[in-house]
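Chains as they are written, first to last, in this note's numbering: chain A, 1 to 216; chain B, 1001 to 1216. Let me begin by presenting the structure, written as structure tokens, before commenting on it.
There are 2 protein chains.
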Amino acid sequence: MTSKPTLDDGLRARKRAATQAGLEQAALALALEHGYENVTVDMICDAGMVSQRTFFNYFGTKEGAFLGTPPPMPADAELARFVRGGGADVLGDLVGLITAALVDQEPDPGILRSRRMLIERTPELLGRENTRITELEESLTLLVLERFRTQGRSEEFTPGLEDEARMAVTLAGSVMRFSMQKWFTGGFTGSPGELLRHSIALARRIAAAGNEAPPS
Amino acid sequence: MTSKPTLDDGLRARKRAATQAGLEQAALALALEHGYENVTVDMICDAGMVSQRTFFNYFGTKEGAFLGTPPPMPADAELARFVRGGGADVLGDLVGLITAALVDQEPDPGILRSRRMLIERTPELLGRENTRITELEESLTLLVLERFRTQGRSEEFTPGLEDEARMAVTLAGSVMRFSMQKWFTGGFTGSPGELLRHSIALARRIAAAGNEAPPS
DNA sequence: CGTCCTGCGTGCAGCTACTGTAAATTTATT
DNA sequence: AATAAATTTACAGTAGCTGCACGCAGGACG
């Protein structure tokens, strides 16, 4: 039952990958030209030379072809490092973790960039993308909890530990969304790493403001 | 052409409101019983005794009937107060602003609560709700900028001012999402106001952590 | 009161996303 | 080459959603 590695390099797998890539590219190109709403699934199928049914076998939904492969969950190695190697900077480490996952998800920066452009200008896709991030947050929260425990913080002694984990993840998500938007629309001049550090610093500063002077 | 106040109290308007409320309640009740996915628009129409076409005249989309009236944009008075009366606590003030808008949007807490429950357990609705928040953030960002300018901070002297506004709004959105979820699922024992303060404090604490001790 | 007008509800025809099913085609295995 | 397993496809059907044109009732006006 376990001895069927399902070759990644057979003719079968190669064709599959080609078809999928073709459909994704076609979808992206069509949407950038005509706008997401004006692209029908049938158009994409024509361009990719498959039946509509096959399209749905691949992506399940129209949006799927535009958003790319679903959940950018980090690799185990990264996860372990995050859980064990972490210091006090949960926020920074989380952002780094998510970023790494996003990067090795789609090697082609060109695709990635046009995809982001499309998403940014299409409310429906933007919403769906945010939903994905939210779903990802679910599992990240567990990770953070794990990390907290590794650091010796138990739920018994800190009642709000789970809340703290969830909030940390939520904040990280905010930083990611902010950075993405700035990167793909605002024309940030600098490396992604800089941008992320900049975003985090900004978040810290704003969160801190108003802390010393509580309202009347 | 512009001088038609469209009475809010005529028989017409009352009927309208009744129909809409009826449909919303029916939708909510049906979804809580059968699950969102298993409720068809036709079912809601039957329960509300209107044609399908009328349903879409009211809500435009199936989700609309479940999410309630679209954008909880604050009243002008609140807005003015936010822009002018603000101190350094942008985050807190923003959260207060959004909360106020949400509250006087739906006077009935029962409806509000069951709606939240449904949304929370329905990924599709959750996503759509997030999209709404995102759209709202667009205009809130402008507000924050306005406030900054009122406080004498000009874009000329602080290049990142727009970024700062957007980040503030994004963070406020995070706090709101966190609070909502905690309130409607986690069973928070206390007043909404307390919960919000708690959330903000938590966000501040996490953002601050790791600030003093940069990674090696 | 009667009349006109305008807003609103409705039926209908049609498009698009999406799914189940079973047959046809292609690739892998022996 | 024969068989098995994986994919693709055609076909039919459901559900969300829209444009259009008709009819009726609420409301303004004389």
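A virtual CB, placed ideally from N, CA and C, is assigned to each residue, including glycine. Keep in mind the model is a prediction, meaning the values are calculated, not measured.
Query                                                                                                                                                                                      : Result
If you compare alpha carbons, which of Leu1196(B), Arg1197(B), Thr1170(B) is closest to isoleucine 206(A)?                                                                                 : Thr1170(B)
What does the Cβ neighbour count give for threonine 141(A), buried or exposed, with the cut at 16 atoms within 10 Å?                                                                       : buried
What does proline 984(B) reach in chain A if we use C-beta pairs closer than 9 angstroms?                                                                                                  : Examination of residue 984(B) is not possible in this model, given that chain B is present from 1001 through 1216 alone.
Grab the span of the alpha helix (DSSP H) containing arginine 115(A) for me, first residue to last.                                                                                        : 109-121
I want to verify the contact list: residues of chain A whose CB lies under 7 angstroms from the CB of methionine 1167(B), in sequence order.                                               : Phe178, Leu202, Ala203, Ile206
What are the start and end residues of each continuous alpha helix (DSSP H) run of 4 or more residues lying completely inside the segment 1045-1108 of chain B, in chain order?            : 1052-1059, 1062-1067, 1076-1085, 1090-1103
Evaluate contact between the segment 1191-1203 of chain B and the segment 1112-1121 of chain B, counting only Cβ atoms and requiring at least three cross-stretch pairs below 8 angstroms. : no
Within the same chain, show all residues whose beta-carbon is closer than 8 angstroms to that of lysine 182(A), passing over the 5 residues directly before and after it, in chain order.  : Phe188, Leu195, Ser199
Measure the C-alpha to C-alpha separation of cysteine 1045(B) and leucine 1067(B) and round it to an integer number of angstroms.                                                          : 16 angstroms
Once DSSP output is grouped into helix, strand and coil, what is the label at aspartate 1009(B)?                                                                                           : coil
Checking contacts by CB at 9 angstroms: is alanine 100(A) closer than that to chain B?                                                                                                     : no
With C-beta atoms as the reference, is threonine 19(A) less than 9 angstroms away from valine 83(A)?                                                                                       : no
Below 8 angstroms on the Cβ atoms is my contact criterion, and I expect arginine 113(A) with phenylalanine 184(A) to pass it. Report the Cβ-Cβ distance as a whole number of Å.            : 7 angstroms
Compare the beta carbon distance of methionine 1176(B) and threonine 1099(B) with 9 angstroms and say whether it is the shorter of the two.                                                : yes
Spell out a yes or no on whether the segment 56-64 of chain A and the segment 155-172 of chain A are touching, meaning 3 or more CB-CB pairs, one atom from each, closer than 8 angstroms. : no
Measure the C-alpha to C-alpha separation of leucine 11(A) and arginine 116(A) and round it to an integer number of angstroms.                                                             : 31 angstroms
Going along chain B, which residues have a C-beta under 8 angstroms from leucine 126(A)?                                                                                                   : Thr1131, Thr1134
Helix or strand or just coil, what does DSSP make of alanine 1201(B)?                                                                                                                      : helix
Could you list which residues in chain A have their beta carbon closer than 8 angstroms to that of alanine 1209(B), in chain order?                                                        : Ala88, Asp89, Val90, Leu91
On a CA-only basis, which of Asn38(A), Glu156(A), Ile133(A), Leu161(A) is nearest lysine 62(A)? Give me that one, please.                                                                  : Asn38(A)
Rounded C-beta distance between alanine 65(A) and glutamate 24(A)? I'm assuming under 8 angstroms.                                                                                         : 6 angstroms
How many angstroms separate the CA atom of glutamate 1135(B) from the CA atom of aspartate 9(A)?                                                                                           : 44 angstroms
Would you give the residue range spanned by the alpha helix (DSSP H) that glutamine 181(A) belongs to?                                                                                     : 161-181
If you reduce the DSSP assignment to three classes, tell me which class serine 1154(B) lands in.                                                                                           : coil
Using beta-carbon positions only, say whether phenylalanine 178(A) and arginine 1166(B) come within less than 9 angstroms of one another.                                                  : yes
Which value, in whole angstroms, describes the spacing of the CA atoms of lysine 1004(B) and proline 74(A)?                                                                                : For lysine 1004(B), the predicted structure reports a pLDDT of 44, less than 50, and the residue's modelled location is therefore unreliable. The matter cannot be settled from this model.
Quick one: grab the DSSP three-state call for valine 41(A).                                                                                                                                : helix
Let me know the secondary structure DSSP gives phenylalanine 1188(B) once reduced to three states.                                                                                         : coil
Taking only beta-carbon positions, decide if glutamate 1078(B) is within less than 9 angstroms of chain A.                                                                                 : no
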